[in-house]
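Everything below concerns the one structure shown next.
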Amino acid sequence: MGSASEAAAQQPAAAHPTTVVSNIRVGAHPGETRVVIDLNTEITYDAFVLPQPYRVVLDLPEVGWRLPAKPLPSGVGQLDKLRYGLFSPGVTRVVLDMKGPVRIKKTFLLKPKNGHAYRLVMDLQGVSPAVFRTVLSEQRKARRAKGTPRPVAAPAATGASAEVAASGGTVPRTTEKISGAGLIAGPVPVPKSTQKPRTPRKMVIAIDAGHGGVDPGTIGADGQFEKNITLKMARELRDVLRKTGRYKVVLTRNKDIFLRLRQRVAVARAAGADLFISIHADSTRNRKVRGLSVYTLSERASDKEAASLAEKENKADLIAGIDLTGESPDVTNILIDLAQRESMNQSAQFATQLVKELRKSTKLLRKTHRFAGFAVLKAPDMPSVLIELGFLSNPQDEKALQSRRYRAMLAHAILRGIDTHFKGVEEARRN
Numbered sequence: 015m016g017s018a019s020e021a022a023a024q025q026p027a028a029a030h031p032t033t034v035v036s037n038i039r040v041g042a043h044p045g046e047t048r049v050v051i052d053l054n055t056e057i058t059y060d061a062f063v064l065p066q067p068y069r070v071v072l073d074l075p076e077v078g079w080r081l082p083a084k085p086l087p088s089g090v091g092q093l094d095k096l097r098y099g100l101f102s103p104g105v106t107r108v109v110l111d112m113k114g115p116v117r118i119k120k121t122f123l124l125k126p127k128n129g130h131a132y133r134l135v136m137d138l139q140g141v142s143p144a145v146f147r148t149v150l151s152e153q154r155k156a157r158r159a160k161g162t163p164r165p166v167a168a169p170a171a172t173g174a175s176a177e178v179a180a181s182g183g184t185v186p187r188t189t190e191k192i193s194g195a196g197l198i199a200g201p202v203p204v205p206k207s208t209q210k211p212r213t214p215r216k217m218v219i220a221i222d223a224g225h226g227g228v229d230p231g232t233i234g235a236d237g238q239f240e241k242n243i244t245l246k247m248a249r250e251l252r253d254v255l256r257k258t259g260r261y262k263v264v265l266t267r268n269k270d271i272f273l274r275l276r277q278r279v280a281v282a283r284a285a286g287a288d289l290f291i292s293i294h295a296d297s298t299r300n301r302k303v304r305g306l307s308v309y310t311l312s313e314r315a316s317d318k319e320a321a322s323l324a325e326k327e328n329k330a331d332l333i334a335g336i337d338l339t340g341e342s343p344d345v346t347n348i349l350i351d352l353a354q355r356e357s358m359n360q361s362a363q364f365a366t367q368l369v370k371e372l373r374k375s376t377k378l379l380r381k382t383h384r385f386a387g388f389a390v391l392k393a394p395d396m397p398s399v400l401i402e403l404g405f406l407s408n409p410q411d412e413k414a415l416q417s418r419r420y421r422a423m424l425a426h427a428i429l430r431g432i433d434t435h436f437k438g439v440e441e442a443r444r445n
């Protein structure tokens, strides 16, 4: 995952912000690190710390960003690096990765004076792990007493709320029916065999644009954000699929907003998706490496590179400043039942068709079809694939992915793969 520090100016402003952030400054002082955010209006805010890894999270109303064209502060005092972005409708989140445990010594808002704008000031003090645990416990007690919800994203969407979530709206609360890392909350859909037949029924394709909001994903050699590339590709693929008249398409997100991994799949399941396609772009230290690849679910990665990529992508919720301390960290404890095994088989068959079609249109990575334990592919009731469009660390791939013509070519290749997949499914049903 990349931080936003290399290309802060790229971050889009909120749709109609009344508050604008004009600068973020960090200074190291004896015994503490001071963070100062310049704003044009008075605001309310919420600040808290998180463990594993050590982070400080600052939630603001949805704001616009007009930062100087320079890297964001990093490596100052206790601060390692920071990032920001839209976390949920109406909420902007700033996440500060810290070098070690800290406590928020004090926060206050200074009114304009001597040519300065409003200034939100936060003083952070380094503490021992034992003191941090005490701070964390007191913080949780205080939040419960105030009725403040645990600092996590909204839970998974169900039913009609899928369309709300897909458009970037607020996802209402629901009762979790399935537990386990990467497995999606919400009621299990009625098996298709017991549903009322629809003639003809359009196949439902869920397209997941990776990353978003406070999580920029990989940052390319030329400064392109993965979250922007994936959203453009998702929209292009949606338009190509809809024009055929054969498919209903739902996007997990259609704006620059953060969604938890399980929310993404919940949107697809709530829409009754027959196929889930998650879109990403990769990066590596070797800038010569380029090419597209397709991943399907397996607890055993096909190689070290695949395992490393899955581990990185599965930390997206941590990137956005979510408290995961109450959730099981062990992905392997998920019981893969017969339904999921069948979905995995169909996923692998679909991936084979995709690779065959994509090979005609673009350069592919060696051993194109790969396997890894991506949390976003763990829905037990629909075939799922993750497409790495290429390497943003490679100038050629990055330039190509900025081209709408190139993205359209990829979309048509994916369409051919989808067509072939469903023809095979229909033939299997008839037989």
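Heads up: the sequence shown runs through residues 15 to 445, numbered per our numbering.
Where is the CB? At the ideal position from N, CA and C, for every residue including glycine.
*Please classify phenylalanine 146: does DSSP put it in a helix, a strand, or coil?*
In the three-state reduction of the DSSP assignment, phenylalanine 146 falls in the helix class.
*Residues near tyrosine 132 by beta carbon distance below 8 Å, same chain, minus five either side*: Excluding residues within five positions, the ones whose Cβ falls inside 8 Å are Asp52, Leu53, Asn54, Thr55, Glu56, Ile57, Leu123, Leu124, Lys125, Pro126.
*Could you please give the first and the last residue of the uninterrupted beta strand (DSSP E) stretch that includes glutamate 402?*
Its beta strand (DSSP E) spans residues 398-405.
*Put arginine 154 into one of helix, strand or coil per three-state DSSP.*
Three-state DSSP puts arginine 154 in a helix.
_Quick check on DSSP: helix, strand or coil for phenylalanine 388?_
In this structure, DSSP gives phenylalanine 388 a state outside helix and strand, which the three-state scheme calls coil.
*asked:* Applying the 10 Å Cβ sphere with the 16-neighbour rule, what's the burial state of glutamate 250?
replied: Buried, because 16 or more other Cβ atoms sit within 10 Å of the Cβ of glutamate 250.
*Collapsed DSSP secondary structure at alanine 42 in the structure displayed*: DSSP, read as helix, strand or coil, puts alanine 42 in strand.
*Please work out which residues of its chain come closer than 7 Å, Cβ to Cβ, to alanine 362, disregarding the five sequence neighbours upstream and downstream, and give them in chain order.*
Excluding its 5 nearest sequence neighbours in each direction, alanine 362 has C-beta neighbours in its own chain below 7 Å: Thr310, listed in chain order.
*Taking only runs of the beta strand (DSSP E) that begin and end inside the segment 53-121, which ones reach a length of at least 3 residues, in chain order?*
Listed in chain order, they are 60-64, 69-75, 93-102, 105-112.
*Taking Cβ to Cβ, would you say isoleucine 293 is nearer than 8 Å to isoleucine 221?*
The answer is yes: Cβ separation under 8 Å.
*Taking the alpha carbon of lysine 374 as the point to measure from, which residue in Arg117, Leu72, Ala442, Met423 has its own alpha carbon closest?*
Nearest of Arg117, Leu72, Ala442, Met423 to lysine 374, Cα basis: Met423.
*Unbroken alpha helix (DSSP H) run spanning lysine 437, endpoints*: According to the DSSP assignment, lysine 437 belongs to the alpha helix (DSSP H) that extends over 418-444.
*Say whether the segment 264-279 touches the segment 378-387, bearing in mind that this needs 3 or more beta-carbon pairs closer than 8 Å, one atom from each stretch.*
Segments in contact, no.
*Secondary structure at alanine 131, three-state DSSP: helix, strand or coil?*
Three-state DSSP puts alanine 131 in coil, outside helix and strand.
*Do you know how far the Cα of lysine 370 is from the Cα of glycine 431?*
Spanning the two alpha carbons is a distance of roughly 8 Å.
*Roughly how far, in whole angstroms, is the beta-carbon of glutamine 238 from the beta-carbon of leucine 86, given that I think they are within contact range, below 8 Å?*
Not confirmed; about 17 Å, so no contact.
*So, using beta-carbon positions, are lysine 246 and arginine 419 closer together than 8 Å?*
No. Outside cutoff.
*Would you call the CB atoms of glycine 140 and glycine 114 closer than 8 Å?*
In this structure, glycine 114 lies closer than 8 Å to glycine 140 by Cβ.
*Output the distance between the C-alpha atoms of arginine 39 and glycine 91, rounded to the nearest integer angstrom.*
Roughly 12 Å between the two C-alpha positions.
*Reduced DSSP category for isoleucine 293 - H, G, I as helix; E, B as strand; rest coil*: Of the three classes helix, strand and coil, the one that applies to isoleucine 293 here is strand, per DSSP.
*In the DSSP assignment, find the alpha helix (DSSP H) that holds leucine 306 and state where it starts and stops.*
It is not in any alpha helix (DSSP H) - leucine 306 instead sits in the beta strand (DSSP E) that spans 306-311.
*Which word fits glycine 227, buried or exposed, when buried means at least 16 other C-beta atoms lie within 10 angstroms of its C-beta?*
With at least 16 other beta carbons inside 10 angstroms of its own, glycine 227 counts as buried.
_Beta bridge counterpart(s) of lysine 262 as assigned by DSSP_ = According to DSSP, which records beta bridges pairwise, lysine 262 is partnered with Val218.
_I need the boundaries of the alpha helix (DSSP H) containing leucine 273, first residue and last residue._
Neither: leucine 273 is in no alpha helix (DSSP H) and is coded neither H nor E.
*One or two residues paired with alanine 235 in a DSSP bridge*: DSSP output for alanine 235 lists no bridge partner at all.
*Please classify threonine 184: does DSSP put it in a helix, a strand, or coil?*
Its pLDDT being 35, under 50, threonine 184 is placed unreliably in this model, and the value from its coordinates should be taken loosely. In the three-state scheme derived from DSSP, where H, G and I count as helix and E and B as strand, threonine 184 is classed as coil.
*Enclosing alpha helix (DSSP H) for lysine 413 [first to last residue]*: From DSSP, the alpha helix (DSSP H) with lysine 413 extends over 409-415.
*threonine 106 vs proline 75 beta-carbon contact at 8 Å*: Threonine 106 is a Cβ neighbour of proline 75, given a cutoff of 8 Å.
*Proximity of valine 109 and arginine 69 at Cβ, strictly below 8 Å*: Arginine 69 sits close to valine 109, with the two beta carbons spaced by under 8 Å.
*Can the beta-carbon of alanine 427 be found closer than 8 Å to that of leucine 372?*
Their beta carbons are under 8 Å apart, which means alanine 427 touches leucine 372 by this criterion.
*Classify arginine 380 as helix, strand or coil using the three-state DSSP reduction.*
If DSSP states are grouped into helix, strand and coil, arginine 380 belongs with the strands.
*With distances taken from CA atoms, which of Val145, Glu240, Leu93, Asn37 is nearest valine 50?*
Looking from the CA of valine 50, the closest CA among Val145, Glu240, Leu93, Asn37 belongs to Asn37.
*State yes or no: is the C-beta of leucine 403 within less than 8 Å of the C-beta of leucine 255?*
For leucine 403 and leucine 255, no; Cβs fall outside 8 Å.
*asked:* Going by beta-carbon coordinates alone, are alanine 386 and serine 312 separated by less than 8 Å?
replied: Taking 8 Å as the Cβ cut-off, alanine 386 and serine 312 qualify as a contacting pair.
_According to DSSP, alanine 223 sits in a beta bridge with which residue or residues?_
Per DSSP, Ile293.
*Report back the beta-carbon spacing between methionine 396 and arginine 278 to the nearest angstrom; my notes put them in contact at under 8 Å.*
The pair is not a contact, with the Cβ atoms about 12 Å apart (cut-off 8 Å).
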